[in-house]
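Chemist: For the working numbering, add 78 to where a residue sits in the sequence shown, where the first one is 1.
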Amino acid sequence: MAMDRLITLHQPSRLDIGAGAVSRVGAWAAGAARSLVITAPAVAGLVERLGLGGDVRVFSDVPPEPDDTALAAALAVAADFRPDLVIGLGGGSVMDVAKLVAVLWDGRQTLAEVVGPDRVAAKLSRLAQVPTTAGTGSEAGIRALITDSTTNAKMAVESPLMRADLAVLDPELTWTVPAAVTAATGVDAMAHCVEAFTNRRAHDMIDGFARMGIDLVGRYLRRAVEDGTDTEAREGMMLASYYGGICLGPVNTAAGHALAYPLGTRLHLPHGLANAIIFPHVLAFNAPAREAKTAEILSLLGLPDTPEPDHVLEATHGFCRDLGNEMRLSAHGAVDNALPAWAEEAHGIRRLMDNNPREMSVDDVLTIYRAAY
Ligand SMILES: NC(=O)c1ccc[n+]([C@@H]2O[C@H](COP(=O)([O-])OP(=O)(O)OC[C@H]3O[C@@H](n4cnc5c(N)ncnc54)[C@H](O)[C@@H]3O)[C@@H](O)[C@H]2O)c1
Ligand SMILES: [Fe+2]
79 MAMDRLITLH QPSRLDIGAG AVSRVGAWAA GAARSLVITA PAVAGLVERL GLGGDVRVFS
139 DVPPEPDDTA LAAALAVAAD FRPDLVIGLG GGSVMDVAKL VAVLWDGRQT LAEVVGPDRV
199 AAKLSRLAQV PTTAGTGSEA GIRALITDST TNAKMAVESP LMRADLAVLD PELTWTVPAA
259 VTAATGVDAM AHCVEAFTNR RAHDMIDGFA RMGIDLVGRY LRRAVEDGTD TEAREGMMLA
319 SYYGGICLGP VNTAAGHALA YPLGTRLHLP HGLANAIIFP HVLAFNAPAR EAKTAEILSL
379 LGLPDTPEPD HVLEATHGFC RDLGNEMRLS AHGAVDNALP AWAEEAHGIR RLMDNNPREM
439 SVDDVLTIYR AAY
């Protein structure tokens with residue numbers, strides 16, 4: 079049993095789930111005088127589906143993988159508008175910015191002052207989260223990730239004050255996600271589940287969510303990639319993403335995400351794609367330390383379930399590649415002599431590396447980058 083560790087689980091105070099659920103936001107928000115919608119160009123057209131009344135302002139400039147300058151632009155609009163409600167309508171990039179806007183817009187605390195756990199002083203606006211990708215599960219949790227524009231490192235802010243008052247899981251909003259983004263974000267959802275499940279800090283309750291998430295990815299990710307309007311597949315992936323978000327809270331990820339981060343910040347790969355490239359290598363590396371759970375993961379994904387490392391690598395690499403993910407770092411513009419510095423950087427992300435079930439040295443990380451090259 080892995081229940082001896084005491085955990086706290088934060089979830090949105092209300093969840094609306096199902097096709098068309100987005101139209102409920104307006105009734106829930108009734109009474110809000112000033113609603114600020116944080117969104118991105120690709121999904122700004124969905125704003126009217128929220129059915130908002132009152133004074134509404136839309137900030138639609140959130141870029142993928144936002145940095146502190148992108149956050150500052152959103153905060154400037156919010157400081158001027160003084161919203162009593164903030165709504166994140168978009169992927170993880172948008173929802174993370176919305177979380178921070180809801181607690182920072184009055185300027186009393188800076189981003190630098192809140193990086194880390196439990197440093198946010200006050201919640202300034204109610205918060206609703208409406209995901210339009212199925213991947214990060216950011217709507218389920220209390221963490222926000224922002225890139226530091228000077229160091230390129232990802233900064234993590236964590237606070238129960240960034241918990242959503244409402245989260246809406248409406249799979250119809252994900253119909254327009256392109257196949258490549260569907261594949262990459264779907265692997266991100268799976269990686270959250272897998273890395274929590276095989277984690278040194280794994281917990282029986284979170285294992286339950288992880289199993290459900292991995293099973294849904296095994297059944298539905300390929301279908302969602304092949305046909306974006308496959309409602310059942312989109313529903314399944316939206317749930318998998320949410321379950322993955324729950325896994326991130328009390329357990330979190332491990333070496334997989336640590337090794338993926340430099341690929342996002344240095345090579346500018348989308349978060350999900352970076353995870354897809356790294357995931358098979360780390361699962362295979364960890365297999366000797368988690369044989370039974372590795373076999374279970376393979377089985378849930380519909381793959382032959384021998385936990386032998388070479389097989390694990392081959393089978394899961396094939397799974398990710400067959401979804402359309404280009405799995406070679408060299409094909410994404412990586413240069414061989416950059417890899418040692420990335421290995422040092424990934425190895426230094428101790429908040430995640432210390433969760434890994436098997437000790438990984440800088441040389442181990444470099445070997446994985448070279449194998450993925
Ligand atoms: N807070 C957390 O717990 C957590 C967890 C994992 C990742 N993240 C962060 O989330 C970010 C990545 O989020 P993501 O993977 O959802 O990608 P994203 O939000 O960057 O979106 C990817 C691209 O798809 C577009 N898009 C979004 N929805 C669409 C739709 N319905 N139709 C068409 N296009 C659409 C976006 O505009 C963007 O160009 C990263 O910054 C990552 O670090 C946060
Ligand atoms: Fe992730």
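By construction, the Cβ of each residue, glycine as well, lies at the ideal position given by its N, Cα and C atoms.
Using the DSSP secondary-structure output, state which residues sit across from V519 in a beta bridge.
Modeler: Past the edges of the chain, shown from 79 to 451, lies residue 519, and the structure says nothing about it.
Chemist: With burial defined as no fewer than 16 other Cβ atoms inside 10 Å of the residue's Cβ, what is the status of N415: buried or exposed?
Modeler: N415 should be labelled exposed.
Chemist: Just checking R312 against ligand 1 - is the residue's beta carbon closer than 6 Å to any of the ligand's heavy atoms?
Modeler: No.
Chemist: Using 8 Å as the threshold, is the stretch 217 to 236 in touch with the stretch 308 to 327, meaning 3 or more CB pairs across them?
Modeler: The stretch 217 to 236 vs the stretch 308 to 327: in contact.
Chemist: Answer yes or no: do V164 and A148 have a C-beta to C-beta separation smaller than 7 Å?
Modeler: No, Cβ-Cβ distance for V164 and A148 is not below 7 Å.
Chemist: Using DSSP with H/G/I as helix, E/B as strand and the rest coil, what is E143?
Modeler: Coil, per DSSP.
Chemist: Which value, in whole angstroms, describes the spacing of the CA atoms of A336 and R429?
Modeler: So the alpha carbons of these two residues sit roughly 9 Å apart.
Chemist: At least one CB of chain B closer than 7 Å to the CB of V175: is that the case?
Modeler: Looking at the structure shown, chain B is missing, and only one protein chain is on hand.
Chemist: Apart from the five residues on each side of it in sequence, which residues of its chain come closer than 6 Å, Cβ to Cβ, to V198?
Modeler: The answer, listed in chain order, is V181, V192, S237, L239.
Chemist: Go through its chain and collect everything with a Cβ distance to A118's Cβ below 6 Å, but skip five positions before and after it.
Modeler: The residues are V140, G168, V172.
Chemist: By DSSP, does L381 sit in helix, in strand, or in coil?
Modeler: Looking at L381 - three-state DSSP - the assignment turns out to be coil, as it is neither helix nor strand.
Chemist: To which residues does DSSP link E236 through a beta bridge?
Modeler: The partner list for E236 (beta bridge, DSSP) reads P195, R221.
Chemist: Among G380, S408, E304, which one has its Cα closest to the Cα of G396?
Modeler: The shortest Cα separation from G396 among G380, S408, E304 belongs to G380.
Chemist: By a C-beta neighbour count over all protein chains shown, 10 Å radius and 16 as the cutoff for buried, is D158 buried or exposed?
Modeler: Burial call: exposed.
Chemist: Is any heavy atom of ligand 2 found at a distance shorter than 6 Å from the C-beta of D266?
Modeler: Yes, the beta carbon of D266 sits closer than 6 Å to at least one heavy atom of ligand 2.
Chemist: Could you spell out where the beta strand (DSSP E) holding I165 opens and where it closes?
Modeler: Residues 163 to 168.
Chemist: In whole angstroms, what is the alpha-carbon distance linking S216 and A242?
Modeler: C-alpha separation (whole angstroms): 10 Å.
Chemist: Quick one: Cα of M438 to Cα of K201, how far?
Modeler: If I take the Cα positions, the gap works out to 39 Å.
Chemist: Just checking S216 against ligand 1 - is the residue's beta carbon closer than 6 Å to any of the ligand's heavy atoms?
Modeler: Yes, since a heavy atom of ligand 1 falls inside the 6 Å radius drawn around the Cβ of S216.
Chemist: How close, in whole Å, do the beta carbons of M269 and T331 come, if the pair is a contact with beta carbons under 8 Å?
Modeler: At residue 269 the sequence reads Ala, which differs from the Met that was named. With 8 Å as the limit, A269 and T331 qualify as a contact, their Cβ atoms being about 7 Å apart.
Chemist: Quick one, which of N230, E310, L205 has its alpha-carbon nearest E250's?
Modeler: With distances taken between Cα atoms, E250 lies closest to E310.
Chemist: Would you give the residue range spanned by the alpha helix (DSSP H) that V103 belongs to?
Modeler: Start and end: 103 to 107.
Chemist: Quick check on this structure: which residue in I446, N433, D432 has the alpha carbon closest to the alpha carbon of L417?
Modeler: Among I446, N433, D432, the Cα nearest to that of L417 is on I446.
Chemist: Closer than 7 Å by C-beta to D146: which residues in its own chain qualify, once you throw out the five before and the five after it? Chain order, please.
Modeler: Hits under 7 Å: L189, I224, D226, S227.
Chemist: Write down every uninterrupted run of the alpha helix (DSSP H) in the stretch 386 to 437 whose length is 4 residues or greater and which is fully enclosed by it, in chain order.
Modeler: Listed in chain order, the complete alpha helix (DSSP H) runs (minimum 4 residues) inside the stretch 386 to 437 are 387 to 400, 417 to 425, 428 to 431.
Chemist: Assuming A424 and Y298 are in contact, meaning their beta carbons sit under 8 Å apart, how far apart are those beta carbons, in whole angstroms?
Modeler: Between Y298 and A424 the Cβ distance is about 30 Å, and since that is not below 8 Å, they are no contact.
Chemist: With DSSP run on the structure shown, which of helix, strand or coil describes P209?
Modeler: Note: P209 maps to strand in three-state DSSP.
Chemist: Would you call the stretch 103 to 122 and the stretch 82 to 90 in contact, with 3 or more CB pairs under 8 Å?
Modeler: Flag = no, the stretch 103 to 122 and the stretch 82 to 90 do not touch.
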